[in-house]
Structures are given as C-alpha cells and as structure tokens.
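A.B. asks:
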C-alpha cells in the first residue's frame, strides 16, 4: 500500500521541483486532476451567464483554474508550494497567484469571492507538520476566514482524500462550527478506486446537496447543519449541564482526539457526597474568597490568611473549622499550581484522574524527617513510663536536616585555620631569611673586592723595582 503524501513530508517540501515537473508532464495525473476539477465546478452550480470571482485553494500548477477560465470566470489561486506556483507562471495562467499557508487563514477582505474550489488540498490540514500545529485549530482558522471572505450566497467545494472516518468528522465539524451549511458528497461509493469525496459548503442557508454519481442519494450524501439550528427552539433556556449537552461535549472531545471517559448510565447524574472539585456547589475561588482574575500571589496570601484563621489547633479542635481548613487546603493545592489552575478554569480538571495527581516519591520508612512530621500530625501520642510524651528525637531530626550543613561549615573552618597557621609561620621565618641573605651578600662582596686590592699592590711594587 502506497504511503500517503501528507505522511512523507510537509506540503512545501513534498511538492518540490521534481514533484511539480511530474504534475506538469504525467498525462495520467493531468487527466485525473482535470476530471476532479470539472466535477468540483459542476457541484458549485455556478450561473452560466454571470462571471464569478472564484478562490482556488491549493491551486498548484493551475489545472483547476483552467477549468474556471473555460467557463468564463475570474480566479485567484493560493498555494504553499513555490515550485508548483513557478510551473503555473511558466504556463502563463490567467489567474493571480499567492504563496501562502491556508492553515494560517485566508488573507482577503470580507465578501471578496463569489465561490471557492479546492482539489486534493484540505486533507493536509489534518496533519501536524510542526510542533505548534494543532489540526482542529488550523481547520477552524481556515474555515472561519474562508467564511468571512465569501459572499452571503456563495458555495465552496473541496475534493479531498480522507484517511479515515474520524478525519471526515473533524473537517466537517470545524466547517459547521465556522458557520457553513452543507455536507459530504461521495461519488461512486461502492468502488474502491473511483470513489471520490467532495465537501460541499454553503454560506446562505441549508440547501439541498447535489446528487452524487454512481449511487442513490441516500447512500452517497452525509448532510450536516450548523449547531445553531439545534438550539433555535429553546431560546431563553439554558441547556448547559444537561445530559444531552454533556454527551455532545464528550463526543466533540473524542472527535478532537482528547482522551474522554466512556459513557454510562451514571453520566450527567448528580451525585451527593462526592468529594471532588468538579462537583462542589462552591467553586474553589469562593473557598478562598477570590475571583477568577486573582493572581498567584493573591491566592497564596488568601491561603495563608484563611489557614491561620481556620486551623483546628486555633479553634479548639472544631469539626466545622477542620472541614473548612480541608476545603481551603484542597483549593490551594489546585489554584496554587499554575497547570492545575489552568485545567480547572477550563472545567476539565478531575482529582480522580491520574494525569493530574502529583507523582511524589514514596516516603521512606526510616527517614527521620518523615517520622518527625508524622509524629507532629498524630492527634494522640502514647505516654511513656517516665510520664513524658515522646514526640520525636530532636538530635536525629537535626542530623537529618543539617548534617551536611554542619560538615560543610566544619570543613570551611578547618581550611581557614590551616591558611592562617601557614601565613603565621611564613611571617615568623621571614626575618631569619633576611639576616642570612644579608650575611651571604657581605661575604660575597668581601671576597670580590680582595683580589683587586692584591693586584694593585703588585703593580706598585713592580714599578718601584723598575
């Protein structure tokens, strides 16, 4: 089975000079592209006597644009591959060409185009070619900007090759979310090779989809409508938190690829007595007396203030104070953590989810620090024979906490003492060395001067004799 192009490389790399040459010279590719362009234009249902301005998305070398030229329409093409656009320029196509990424949105004014067409391009948005790419967000950005730059009675037809049913759902759901009506038309659904998928979108109302080729209408069309249509009859009511609303939200998250718990008979059922942050009637911000705009410093300050106020030791072991103190502590554990606070604000935090729990190292049984804090947390302590309550071994706790600091300080002190002693010894030996050096210099000077005086006397004696 051949590997899909979008799995091999990003489009700007895959459609290089060699691939562009193949698209311009391979007669089979040209024939298939021409047939799909003709079919996409047919699904546009363009008026015969009125020229339109059409946006060709993923125009490539301009084959689909040639079909628009033959039918008397003006067009502007956009593509991410520079090599393909260079081939289109060599062919001297009639339309204007733009180099751009459709996942970043359509850079046109509102209401510019009367229609849009795309051949074998939209499936590329379902892949994350870069670390910051999120497929459903790029699809939504594309459809939102496309909806804005089309007129109110426009149509857009996309021929694409979906990898699976989930990919079809993701593309269509983002299109409907952006405001489009329409659905998927499948030509020759019973054929493995001739099957073709066309996404037909409309901006001006939910009209009847065109008939597919090679099959009955019921089996070849997948209709979709905007979510707004579902809530038209219940204006003034709040369907949030209902069972249907929760099931739709979970299904939407599954389509987005987010891990979601399976549905059951307990889904959306209110449960009393559950100790969960999500099901509390009072949210965590109210527990700390703050609002959602509070900073991390405000949260920390409120926690310290309330914990001192409601600490059980300061309220004569009151159960009400203990319960309040637990709520404050739990609220701070979530809101004090930036990551957990972000999840809580989005409404997707669940304390029972293993992904959101802190994974601390297991406590050691023989750790003096652990025993110390465990002893402090115990409410009752057995009384020893001496009458005293053995809470902890302070010497053991001190060694466990500060033994390394003590050893470092002792090492530093010994090093300083050694340097001071060495400096003192050097200062004491310095005068003796100076005296010895002076005596040595005098002796050398004396012997150096003695031969010269002897030579002078010999010269004088010789002169007298002569």
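Numbering (UniProt numbering), first residue to last: 1 to 466.
Don't be surprised by glycine CBs; every beta carbon is placed ideally from N, CA and C.
1. Assuming residue 110 and residue 154 make a contact with CB atoms under 8 Å, what is their CB distance in whole Å?
2. State the DSSP-derived secondary structure class of residue 28, mapped to helix, strand or coil.
3. When the Cα of residue 295 is compared with those of 311, 318, 314 and 337, which residue comes out closest?
4. Out of 76, 290 and 105, which has the shortest C-alpha to C-alpha gap to residue 61?
5. Does residue 134 pass the burial test, meaning 16 or more other C-beta atoms within 10 Å, or should it be called exposed?
6. Quick one: using the 10 Å Cβ neighbour count with 16 as the cut-off for buried, is residue 81 buried or exposed?
7. When DSSP builds the beta bridges, which residues end up paired with residue 420?
8. Below 8 Å between beta carbons: does that hold for residue 469 and residue 288?
9. Would you give the residue range spanned by the alpha helix (DSSP H) that residue 115 belongs to?
10. When you compare only the Cα positions, how much space is there between residue 188 and residue 162?
11. By Cβ distance, which residues of its chain are closer than 7 Å to residue 21, with the 5 residues on each side in sequence left out?
12. Are the region 123 to 130 and the region 84 to 100 in contact at 8 Å, needing three or more beta carbon pairs?
13. In angstroms with no decimal places, state the Cα-to-Cα distance between residue 318 and residue 308.
14. Taking C-alpha atoms, which residue in 270, 326, 174 and 212 lies nearest to residue 253?
15. Take residue 217 and list the residues in its own chain whose beta-carbon comes closer than 6 Å to its own, dropping the five residues that flank it on each side.
16. Taking residue 36 and residue 196 to be in contact with their CB atoms under 8 Å, please state how far apart those CB atoms are, rounded to whole angstroms.
17. So, at 7 Å on beta carbons, what are the nonlocal neighbours of residue 43 in its own chain, with the 5 sequence-adjacent residues on each side left out?
18. Could you name each continuous beta strand (DSSP E) segment of 3 residues or more that falls completely within the region 96 to 177, going from the start of the chain to the end?
19. With DSSP collapsed to three states, give me the class of residue 345.
20. Report, in whole angstroms, the separation of the C-beta atoms of residue 71 and residue 23, which I expect to be a contact under 8 Å.
21. For residue 302 versus residue 312, is the C-beta spacing smaller than 8 Å?
22. Got a sec: is the Cβ-Cβ distance from residue 395 to anything in chain C below 8 Å?
23. First and last residue of the alpha helix (DSSP H) that includes residue 313?
24. Hey, would you say the C-beta of residue 78 is under 7 Å away from at least one heavy atom of the ligand SAH?
25. If distances are taken between C-alpha atoms only, which option among 285, 204 and 100 comes closest to residue 12?
26. Between residue 147 and residue 179, is the Cβ-Cβ spacing less than 8 Å?
27. Using CA atoms only, rank isn't needed, just tell me which of 39, 50, 93 and 152 is closest to residue 118.
28. Tell me whether residue 106 is buried or exposed, calling it buried when 16 or more other Cβ atoms sit within 10 Å of its Cβ.
29. Please report the straight-line C-alpha distance between residue 310 and residue 247, rounded to a whole angstrom.
30. Provide the residue(s) that pair with residue 266 in DSSP beta bridges, ordered along the chain.
31. Given a cut-off of 8 Å, decide if residue 203 and residue 152 are closer than it, judged by their beta-carbon atoms.
32. Cβ of residue 524 within 8 Å of Cβ of residue 74?
33. With which residues is residue 197 paired in a DSSP beta bridge?
34. Kindly list the residues whose CB is nearer than 7 Å to the CB of residue 260, restricted to its own chain and excluding five residues on each side of it in sequence; keep chain order.
35. Over the uninterrupted beta strand (DSSP E) stretch that includes residue 207, give me the two end residues.
36. Whose CA, out of 418, 263 and 121, lies closest to the CA of residue 15?
C.D. replies: If we stick to the structure as given:
1. The C-beta distance from residue 110 to residue 154 rounds to 12 Å, too long to meet the 8 Å contact threshold.
2. DSSP, read as helix, strand or coil, puts residue 28 in helix.
3. Ranked by how close their Cα comes to the Cα of residue 295, the residues 311, 318, 314 and 337 have 337 in first place.
4. The option with the nearest alpha carbon to residue 61 is 76.
5. With fewer than 16 Cβ atoms within 10 Å of its Cβ, residue 134 is classed as exposed.
6. Result: buried.
7. Beta-bridge pairing links residue 420 to no other residue.
8. Examination of residue 469 is not possible in this model, given that the chain is present from 1 through 466 alone.
9. Careful: residue 115 lies outside any alpha helix (DSSP H), inside the beta strand (DSSP E) at 113 to 119.
10. The alpha-carbon atoms of residue 188 and residue 162 are separated by roughly 15 Å.
11. Listed in chain order, the non-local C-beta contacts of residue 21 below 7 Å within the same chain number zero, local neighbours out to five positions each way being set aside.
12. At 8 Å Cβ cutoff, the stretches do not touch.
13. Going from the Cα of residue 318 to the Cα of residue 308 covers about 14 Å.
14. Comparing Cα positions, the closest option is 174.
15. Its pLDDT being 48, under 50, residue 217 is placed unreliably by the model, and nothing is read from it.
16. Taking C-beta atoms under 8 Å as the contact rule, residue 36 and residue 196 qualify, at a distance of about 7 Å.
17. Only 157, 185, 198, 200 and 210 meet the Cβ criterion.
18. Segments of the beta strand (DSSP E) lying fully in the region 96 to 177: 96 to 99, 113 to 119 and 150 to 160.
19. Note: residue 345 maps to helix in three-state DSSP.
20. For a cut-off of 8 Å, the C-beta gap from residue 71 to residue 23 is around 22 Å, too long to register as a contact.
21. It is not a contact, given that the beta carbons lie outside the stated cut-off.
22. Within the model displayed, chain C is absent; a lone protein chain is all it includes.
23. No alpha helix (DSSP H) contains residue 313, which DSSP labels as neither H nor E.
24. This structure does not include the ligand SAH; it has no bound ligands of any sort.
25. For the options 285, 204 and 100, the alpha carbon positioned closest to that of residue 12 is the one of 100.
26. The criterion of a C-beta distance shorter than 8 Å is satisfied by residue 147 and residue 179.
27. Taking only the C-alpha atoms, the option nearest residue 118 is 39.
28. Flag for residue 106 reads buried.
29. Distance between the alpha carbons of residue 310 and residue 247: 40 Å.
30. Beta-bridge partners of residue 266 (DSSP): none assigned.
31. Closer than 8 Å, so yes.
32. Within the shown structure, residues of the chain are numbered from 1 to 466, placing residue 524 beyond reach of any answer.
33. Here residue 197 is bridged, per DSSP, to 160 and 186.
34. Close CB contacts of residue 260 within its chain, under the 7 Å cut and outside five residues either way in sequence, are with 250, 253 and 254 (chain order).
35. That residue, residue 207, is in no beta strand (DSSP E); it is neither H nor E in DSSP.
36. Nearest of 418, 263 and 121 to residue 15, Cα basis: 121.
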